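Q: My questions will all concern the structure given below.
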Amino acid sequence: MTMPGANQGTGLPPVEETLRNPVRPAFDRPSTEDGVIVSIGPSHPATHGTLQIIAELSGERVVRADVHCGYLHRGFEKECEAHTWHTLIPFVDRLNYCSALMNNFAYCDAVETLMGVEITPRTRYLRTLLAEYSRIADHITCIAASVMEMGAMTAFLYLMTIRDYIYEHLADLTGARVTYSYGRIGGLANDLPEGWIKRLEEILDEYEVYVGRIHGLLDRNRIFIDRTRDVGVLTTEEAIHWGFTGPILRSTGVARDLRKDTPYLAYDELDFEVPVGIKGDNYDRYFVRMREMDESVYMIRQLIEMLPDGPINVDDRRCTFPEKSLVYSEIESLINHFKLVIDGPQVPAGEVYRAHEAANGELGFFLVSDGSGTPYRVHARAPSFVHMGGLHRLLEGYQLADIVSTFGTVNMIGGECDR
Amino acid sequence: MSQGLLERLRERLDGDGREPVFAHGLLAVQLPREALLDTVKLLKDEFGFDMFLDVTAVDWPKREPRFDVVHHFYSTHDHVRVRLKMAVTEADPVVDSLVDHYGSAHFMERECHDMFGIAFRGNADLRPILLYEGFEGHPLRKDYPKELEQPLVRYRE
Chain D
8 MTMPGANQGT GLPPVEETLR NPVRPAFDRP STEDGVIVSI GPSHPATHGT LQIIAELSGE
68 RVVRADVHCG YLHRGFEKEC EAHTWHTLIP FVDRLNYCSA LMNNFAYCDA VETLMGVEIT
128 PRTRYLRTLL AEYSRIADHI TCIAASVMEM GAMTAFLYLM TIRDYIYEHL ADLTGARVTY
188 SYGRIGGLAN DLPEGWIKRL EEILDEYEVY VGRIHGLLDR NRIFIDRTRD VGVLTTEEAI
248 HWGFTGPILR STGVARDLRK DTPYLAYDEL DFEVPVGIKG DNYDRYFVRM REMDESVYMI
308 RQLIEMLPDG PINVDDRRCT FPEKSLVYSE IESLINHFKL VIDGPQVPAG EVYRAHEAAN
368 GELGFFLVSD GSGTPYRVHA RAPSFVHMGG LHRLLEGYQL ADIVSTFGTV NMIGGECDR
Chain Y
1455 MSQGLLERLR ERLDGDGREP VFAHGLLAVQ LPREALLDTV KLLKDEFGFD MFLDVTAVDW
1515 PKREPRFDVV HHFYSTHDHV RVRLKMAVTE ADPVVDSLVD HYGSAHFMER ECHDMFGIAF
1575 RGNADLRPIL LYEGFEGHPL RKDYPKELEQ PLVRYRE
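Okay, structure coming up:
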């Protein structure tokens, strides 16, 4: 039987109706006599993110775990090949939607590298500032969600208060709360509105008050420690073997941070520390994120002092739109505008891989250009996807209830994991 | 960044059909697919590239061989990256798997298999990961139409 609707009017073959199980578990019978196989997710009230874990349990202990992602796959990379280098920026936002600006900047940086464009000093500092600001929002989301799943509702609401200040504040700048589409190849969409920096300083002060309360509520809380200490332990060697980056790798005790190791944007001019954990368990992951937010605040305060005046877009007709008044008054600018909209920025043929330290780890963009205004291939090396490949290492050997807290501190973001 | 290490690596890798060049801050090596495992062993054991970042492919339908399989590696000690690129044909889209060397290869090779139909010799678990069981074709190949739908459940009337 064929399904109505699918491929209608496209000239493509009709779709046969199938009712198959979308996933094939790696194991379908328990390895021991008292083993039970349970399927957790893909929609589970105690996890944020759509992910299925097929686990073999022995009593309450997880013996084996088979992680299935892909429920949010929407063909990001395929869709990019049908857009110009500029018009795919909104898709990039939707990778890690908790810190969309960082995706923007990593993508723009990759395109700019390929084009040989050097961004203006003001944009360089602004992007650094906004990336750190997004990092705070992302870490807050992660911590808030994971502690809420363990029952800490007050901590969740305190953190969400700050996150909402940040979202509203970014909405003043970009016009959107979550997916900003604010980066542009060779610059940014617009400059800071009046009074934005003043409000930023207020929010940072508020942040300190609220995050201080979180430290008070959780750091030495017996219940929180019992749920997180020595749960989901990862060693450094294992973390590197399984490709973990970002806060998870740092929680195992090594200071591996692309902001320090391969400085990009303005990070080599900033003074900051790379917080590390002791043994890579859930508590360390929580604490590393908390400390990283403090470092981000410290960096933002430096950047406010350093922020220079000047233009935000490079003066390069290959990627920057001409001023509207010129578009309406002279033919060259009109053609330039038209070509940029219809054909897109002409990116020289070649390949590039650029990686930024996003909130979750190494966010890399591998771009292939054939010299036209449309990308030939866009590939996002998303940290969450790689982390899911090693997630079973964090789950096996612990209790069923620990899946919730471990999964929370890994901070899987469906948007970038499944693309 | 330690450029000296990359320069030494470039000299070491030159020859045997391998062509290392510097491109946008990393060392890009074009190599025949038979040389993959030896090269990876050299990268990992002698030059300390302990992190396997990524594997993906690029489809060039008009070119023979049709696919480029692209690996990225990172050294967490020296903070440098290497890209390995191999051309494989459509008739025999197989490269060696790196699951014996890097755990992160498991998921990434599955994704590449999903999207391009590249098989990884030695990786026994190439089940669909971002796609689902029964999905036909490989969506990131250039001849897969973007509009083609293969829904598992009926559309709501």
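For the protein sequence lines, the chains are D and Y, in the order given. Heads up, the first sequence is in this note's numbering, so the first residue is 8 and it goes up one at a time. Heads up, the second sequence is in this note's numbering, so the first residue is 1455 and it goes up one at a time. Where is the CB? At the ideal position from N, CA and C, for every residue including glycine. Every value quoted in this text rests on a predicted model; they were computed, and no experiment measured them.
(1) Please go through the same chain and pick out, in chain order, the residues whose beta-carbon is closer than 6 Å to the beta-carbon of LEU136(D), but skip the five residues on each side of it.
(2) Can you confirm whether PRO1599(Y), when its beta carbon is compared against all beta carbons of chain D, has any partner nearer than 8 Å?
(3) Check each candidate in VAL185(D), LEU407(D), ALA273(D) and GLU364(D) and name the one with the smallest Cα separation from GLY315(D).
(4) Closest Cβ-Cβ distance between LEU1552(Y) and chain B: below 8 Å?
(5) Which stretch, first to last residue, makes up the alpha helix (DSSP H) that contains LEU1460(Y)?
(6) Could you tell me how far apart the beta carbons of TYR360(D) and GLY378(D) are, in whole angstroms, since I believe they sit closer than 8 Å?
(7) If you measure beta-carbon to beta-carbon, which residues of the region 1580-1596 of chain Y are closer than 7 Å to chain D?
(8) Tell me, please, whether the CB atom of MET1505(Y) is closer than 8 Å to any CB atom in chain D?
(9) Would you mind giving the Cβ-Cβ distance between VAL45(D) and LEU58(D), rounded to the nearest angstrom? I have them listed as a contact below 8 Å.
(10) Report buried or exposed for ASN28(D), applying the criterion of at least 16 other Cβ atoms within 10 angstroms of its Cβ.
(11) Smallest Cα separation from PRO352(D): which of HIS93(D), ALA366(D) and ASN111(D)?
(12) What are the start and end residues of each continuous beta strand (DSSP E) run of 3 or more residues lying completely inside the region 145-184 of chain D, in chain order?
(13) On the DSSP letters alone, give me the boundaries of the alpha helix (DSSP H) that PHE369(D) sits inside.
(14) Go ahead and label HIS222(D) buried or exposed: buried means 16 or more other beta carbons lie within 10 angstroms of its beta carbon, across all protein chains shown.
(15) Return the residue from the list GLY397(D), THR120(D) and GLU364(D) that minimises the CA-CA distance to SER141(D).
(16) Just confirm the distance between the C-beta atoms of THR259(D) and GLY284(D), as a whole number of angstroms; I'd bet it's less than 8 Å.
(17) Closest Cβ-Cβ distance between CYS76(D) and chain Y: below 8 Å?
(18) If you check the beta carbons only, do ALA162(D) and LEU225(D) fall under 8 Å apart?
(19) So does the region 1498-1517 of chain Y actually touch the region 1473-1483 of chain Y, counting three or more Cβ pairs closer than 8 Å?
(20) Please report how far the alpha carbon of VAL1483(Y) lies from the alpha carbon of PRO318(D), in whole angstroms.
(21) Could you give the DSSP three-state label for VAL118(D): helix, strand or coil?
(22) What I want to know is whether the C-beta of ALA1578(Y) ends up closer than 7 Å to one or more non-hydrogen atoms of the ligand FAD.
(23) Drop a sphere of 10 angstroms on the beta-carbon of LEU19(D), count the other beta-carbons inside from all chains shown, and report buried for 16 or more, exposed for fewer.
(24) Can you have a look at ALA89(D) and say buried or exposed, based on whether 16 or more other CB atoms are within 10 angstroms of its CB?
(25) For MET8(D), which three-state DSSP category applies?
A: Short version:
(1) Taking the first residue of the first sequence as position 1, residue 136(D) is located at position 129. Only ILE307 and LEU310 meet the Cβ criterion.
(2) Residue numbering aside, residue 1599(Y) sits at position 145 when the second sequence is read from its first letter. It does: the Cβ of PRO1599(Y) has a partner Cβ on chain D nearer than 8 Å.
(3) Counting from 1 along the first sequence, the entry for residue 315(D) is found at position 308. Per the sequence shown, residue 315(D) should be read as Pro rather than Gly. Here the closest residue by C-alpha is ALA273(D).
(4) Protein chains in the displayed structure are D and Y, and chain B is not among them.
(5) Translated into the one-based positions of the second sequence, residue 1460(Y) becomes position 6. In this chain, the alpha helix (DSSP H) harbouring LEU1460(Y) covers 1457-1467.
(6) By one-based count along the first sequence, residue 360(D) stands at place 353. By one-based count along the first sequence, residue 378(D) stands at place 371. Contact flag wrong, Cβ pair sits at about 18 Å.
(7) ARG1581, ILE1583, LEU1584, LEU1585, TYR1586, GLU1587, GLY1588, PRO1593 and LEU1594
(8) Taking the second sequence and counting its residues from 1, one reaches residue 1505(Y) at position 51. Output row for MET1505(Y): interface = yes.
(9) Within the first sequence, the letter at position 38 stands for residue 45(D). Within the first sequence, the letter at position 51 stands for residue 58(D). The pair is not a contact, with the Cβ atoms about 14 Å apart (cut-off 8 Å).
(10) Locating residue 28(D) in the first sequence gives position 21, counting from the first residue. Exposed: under 16 other Cβ atoms inside 10 Å.
(11) Reading the first sequence from its first residue, position 345 is the one you call residue 352(D). Ranking the options by Cα distance to PRO352(D), first place goes to HIS93(D).
(12) none
(13) As a working mapping, residue 369(D) is identified with position 362 in the first sequence. The identity of residue 369(D) in the sequence shown is Glu, whereas the question assumes Phe. Premise fails: GLU369(D) lies in the beta strand (DSSP E), 368-376, not in any alpha helix (DSSP H).
(14) For the purposes of this step, residue 222(D) is identified with residue 215 of the first sequence, where counting begins at 1. It counts as exposed.
(15) Numbered from its first residue, the first sequence carries residue 141(D) at position 134. The shortest C-alpha separation from SER141(D) is found at GLU364(D).
(16) Counting from 1 along the first sequence, the entry for residue 259(D) is found at position 252. Counting from 1 along the first sequence, the entry for residue 284(D) is found at position 277. Between GLY284(D) and THR259(D) the Cβ distance is about 6 Å, and since that is below 8 Å, they are a contact.
(17) Here the question's residue 76(D) lines up with position 69 in the first sequence. Closer than 8 Å: yes.
(18) As a working mapping, residue 162(D) is identified with position 155 in the first sequence. As a working mapping, residue 225(D) is identified with position 218 in the first sequence. For ALA162(D) and LEU225(D), yes; Cβs fall inside 8 Å.
(19) no
(20) Position 29 of the second sequence, counted from the start, is the residue given in the question as residue 1483(Y). Position 311 of the first sequence, counted from the start, is the residue given in the question as residue 318(D). Distance between the alpha carbons of VAL1483(Y) and PRO318(D) is about 39 Å.
(21) By one-based count along the first sequence, residue 118(D) stands at place 111. It is helical.
(22) Only the bare structure without any ligand can be found here, which leaves the ligand FAD out of the picture.
(23) Counting from 1 along the first sequence, the entry for residue 19(D) is found at position 12. Flag for LEU19(D) reads exposed.
(24) Looking up residue 89(D) in the first sequence gives position 82. The residue is exposed, with fewer than 16 neighbouring Cβ atoms inside 10 Å.
(25) Your numbering for residue 8(D) matches position 1 in the first sequence. No answer about MET8(D) holds up, because its pLDDT of 49 lies below 50 and its placement is not dependable.
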